[in-house]
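As structure tokens, the structure follows; a few thoughts come after it.
Chains as they are written, first to last, in my numbering: chain W, 134 to 507; chain D, 510 to 846; chain S, 743 to 1039.
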């Protein structure tokens, strides 16, 4: 019996030495359901980042616990509770859709657990929350960037295309209109579409009649691609400008030649990355998935990186790597984090202040045009 | 009298369990119980119109949405509303609406019930599958209305920061009340009339039953509790958007009541636990799957594939659902005979 | 609205309506024989488009890929019937409905797991995507081909229904399944044929859909399927001609209302049901429908 106990003791000791503590990051993403494409691309980037770096400075390992919420609010809120109670995670990463993040935020807030959303751009997600932070810019900023860029090109009349079903699009349209009219532009018309629509012939006809200098498309890429194609087919030559929801390779694949000249604001362009970390990410992404890195994955990777940095800072300060209060404080105080999508600083409301890039489709590729700083 | 005391004791035990769970269970378990409770309220009330009155209606997502929106608007403080309505200013009436939790939930139910009354005039002109598609359309239209009227609903952005007042204590007790009301209705004279409409509408009509009135009663009662369930859902989640009230919600409820056995209230309860608990339990399928040391990798979505297969298999083997149209107690009765 | 735009929208509406019509025919035929709202029908359309996509990606010529898509969808349709509907022939109708929803969930999620949910770009050969300009009207060749093929298919389906032995059996089945069985007709075989035809037509609709709007994803069939079903009821469920009429009405309305009143664009998905409710209020059996209890084609 004695022998047995000593064996157990030795094994426990060895185990303790061989395996440092495991810190868990809970990830909630829509991996199925109608916004699954965003969840799946996020996860692709997250996997790369986690494979590159899953060790903290004190040797602790970081483990991702990924939960699918089907893009459903009820499941998103339950998922957070599950991650907190069952998996005992120290941080929550996610969601993509603002409406789902808003269902998760109160749960994290109540449990005093830091939550970092990598892609929810609605200002209300972090509003009044102490434990919710985001790694991306917010809609009003992006809308203003679109408007400024259009005006700088001398395009003074615009038609705004709004996806009535997407809070993202509705918020962005509002921000664009505000900045555009303030800058001396004129909104000729707002055209409504619904995500899931495939036929935009009627909207294109209305657009043709209005004959603006630019079309501000604020929805997502599946609709953007089809609308572009139908507009070009019907002989509409007006330039289109979109936002980060359109920056997906499928846009070019689906729209083909019609995508040429399409401009959009985005978080990053793989051709414009400069830091070695970002380059390593892009290279690893190419190697694993054999396609260009998209911004959704890059944002998720940045969210992961920010969390790791916050944990390392806690260790430096002599705290445990899974100290929630400390992680949250460090996340909230992120300054000049050199991420894949640019330099990220978190402001007092928990929103990321960072630059946006403007890309243009040229010869079927997303080419970098310029960077707009906040 | 004996039976009456037994029932009282049973109810007391259930309420004690709810109280105990609220105090001692962790938030994940409670969250699953919350979901089960709310879906049980919805399934029980949906079962009344569909299983008892036999009207093949696919509307619950509409009534749940109405209840949820009314409750949310009544609960959100005025200055939060002013801040939240980002697209257009909120309509004056929206700003004036204000109530405490329980009244807010009840008003949500009454509003849904009132819409049911208005709706019953056109929809009960048709029967069977036509009724199904018309009511499916109603749910669809409610959702699109919510998207396109931002002055009342804040459009696609939905409402958030709804005060989180619903907890398992509320949900559990309202669930018990719903169950008792439903059982009471079923065994009342109305319930028998509703069943006769289900079994043969023409014969019921010939017997002097006002079939339209019976259908409308069932529809309104059903809508009331669906509205209440919607209100609880809104307050539990603290955020609602039009998209969550799609026909998938209706399908989920339909699956529950058919699986439990159309017309069986205890069946609906059991099926709610099976479906809601089962979907959560099946989560392991989304994780890395390892068979004999071979890592097959993670396949998100596998959970729903397996859920669909299980659903089909269960339906193939229990054609009339788990309990048929009988209540759990009726099974015991048979045995004792 | 000037003449040019009117004509432009007219061709667009005809093309969209054709796709709804093709899918609606399948709905109406299955409903006719089984009295089942086959909620998985929209997903069969998706399956057809995906099979075509993969056959083409494997290097097969487009025409062969289309054929594979159609046959593949027909097989999936038949299998659906064999696995999920046939064992429940005597069960309550609502149980069948649940298995239909189950099949729908199954197909959608299986395709998500296998192929991801990012939309795939569907490329059709040059000769199907060419665009003509006539007096300022832009005519993609597909808007001519699609309605033409749809009407041809309608003619073929009507010919099968009214001029062949199988058609007679199908109509008899729709009239009274019990009696037909007593007369020694293999009802299950006839039902299989109905599923094959319906699924093949859905696949053709799906392929047309993918040619016109070149992106496909595992959930593409849901809304289209629902609308097509509304179209089938609008036209009078159980009537093949009615399904086509309903499909075209829906296609034209969606295009014209949005073109004339862009501010109603947000309500587009509700038109189908709004219309449906109105029609059913005045003629509870749909435009060309017979009494439901004695449904025929």
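Where a beta carbon is used, it is the ideal one built from N, C-alpha and C, also for glycine.
Straight-line gap, residue i to residue j (C-alpha atoms, nearest Å)
i: residue 167(W); j: residue 204(W); result: 7 Å
i: residue 574(D); j: residue 706(D); result: 28 Å
i: residue 679(D); j: residue 244(W); result: 21 Å
i: residue 856(S); j: residue 172(W); result: 16 Å
i: residue 341(W); j: residue 421(W); result: 43 Å
i: residue 240(W); j: residue 871(S); result: 51 Å
i: residue 1039(S); j: residue 893(S); result: Residue placement at residue 1039(S) cannot be trusted, given a pLDDT of 45 that sits under 50; the coordinates are not used to answer.
i: residue 446(W); j: residue 277(W); result: 34 Å
i: residue 673(D); j: residue 748(D); result: 10 Å
i: residue 580(D); j: residue 254(W); result: 27 Å
i: residue 148(W); j: residue 154(W); result: Unreliable positioning characterises residue 148(W) in this predicted model, as indicated by a pLDDT of 47, which lies under 50. A coordinate reading is not provided.
i: residue 979(S); j: residue 715(D); result: 29 Å
i: residue 963(S); j: residue 955(S); result: 13 Å
i: residue 1034(S); j: residue 974(S); result: Low per-residue confidence applies at residue 1034(S): pLDDT is 46, beneath 50, and the placement is therefore not dependable, though the value from the model is reported in the following sentence. Rounded to the nearest angstrom, the two C-alpha atoms are 13 Å apart.
i: residue 97(W); j: residue 1013(S); result: The first residue shown for chain W is 134 and the last is 507, placing residue 97(W) beyond what the model contains.
i: residue 541(D); j: residue 590(D); result: 30 Å
i: residue 520(D); j: residue 618(D); result: 24 Å
i: residue 936(S); j: residue 771(S); result: 7 Å
i: residue 1007(S); j: residue 294(W); result: 11 Å
i: residue 429(W); j: residue 414(W); result: 13 Å
Residue i versus the options, residue with shortest Cα-Cα distance
i: residue 688(D); options: 601(D), 781(D), 831(D); result: 781(D)
i: residue 427(W); options: 379(W), 395(W), 455(W); result: 379(W)
i: residue 407(W); options: 272(W), 475(W), 247(W); result: 475(W)
i: residue 394(W); options: 268(W), 493(W), 277(W); result: 493(W)
i: residue 170(W); options: 201(W), 436(W), 211(W), 334(W); result: 201(W)
i: residue 432(W); options: 369(W), 399(W), 507(W), 499(W); result: 399(W)
i: residue 626(D); options: 785(D), 722(D), 764(D), 661(D); result: 722(D)
i: residue 219(W); options: 539(D), 607(D), 513(D); result: 539(D)
i: residue 364(W); options: 389(W), 460(W), 487(W), 288(W); result: 389(W)
i: residue 960(S); options: 822(S), 859(S), 775(S), 1018(S); result: 859(S)
i: residue 648(D); options: 1019(S), 744(S), 1029(S); result: 1019(S)
i: residue 930(S); options: 1002(S), 800(S), 837(S), 908(S); result: 908(S)
i: residue 838(D); options: 817(D), 773(D), 789(D), 816(D); result: 773(D)
i: residue 614(D); options: 683(D), 645(D), 652(D); result: 683(D)
i: residue 404(W); options: 501(W), 320(W), 414(W), 347(W); result: 501(W)
i: residue 757(S); options: 999(S), 993(S), 1015(S); result: 993(S)
i: residue 350(W); options: 488(W), 291(W), 174(W); result: 291(W)
For residue j and residue i, believed in contact at Cβ under 8 Å, the rounded distance
i: residue 213(W); j: residue 158(W); result: With a Cβ gap of about 13 Å, residue 213(W) and residue 158(W) do not count as contacting.
i: residue 163(W); j: residue 229(W); result: 6 Å
i: residue 179(W); j: residue 160(W); result: 7 Å
i: residue 743(D); j: residue 661(D); result: About 15 Å; that fails the 8 Å criterion.
i: residue 343(W); j: residue 1001(S); result: With 8 Å as the limit, residue 343(W) and residue 1001(S) do not qualify as a contact, their Cβ atoms being about 13 Å apart.
Buried/exposed call for residue i, threshold 16 Cβ in 10 Å
i: residue 830(D); result: buried
i: residue 898(S); result: exposed
i: residue 810(S); result: buried
i: residue 996(S); result: buried
i: residue 847(S); result: buried
i: residue 947(S); result: buried
i: residue 867(S); result: exposed
i: residue 529(D); result: exposed
i: residue 656(D); result: buried
i: residue 920(S); result: exposed
i: residue 564(D); result: buried
Complete beta strand (DSSP E) runs within the region 812 to 844 of chain S (minimum length 3 residues, chain order): none
Alpha helix (DSSP H) segments (min. 4 residues) lying fully within the region 957 to 1007 of chain S: 963 to 977, 982 to 1002
Sequence ranges, alpha helix (DSSP H) only - wholly within the region 158 to 208 of chain W, length at least 4: 169 to 185
Alpha helix (DSSP H) segments (min. 4 residues) lying fully within the region 229 to 253 of chain W: 231 to 243
Beta strand (DSSP E) segments (min. 3 residues) lying fully within the region 432 to 473 of chain W: 470 to 472
Beta strand (DSSP E) runs contained entirely in the region 253 to 323 of chain W, provided each spans 3 or more residues: 265 to 267, 290 to 296
Secondary structure, alpha helix (DSSP H): runs of 4+ residues fully inside the region 721 to 797 of chain D: 756 to 769, 774 to 781, 787 to 790
Unbroken stretches of the alpha helix (DSSP H), 4 residues or longer, contained in the region 542 to 590 of chain D: 569 to 584
Residue ranges of each alpha helix (DSSP H) within the region 364 to 396 of chain W, 4 or longer: 382 to 388
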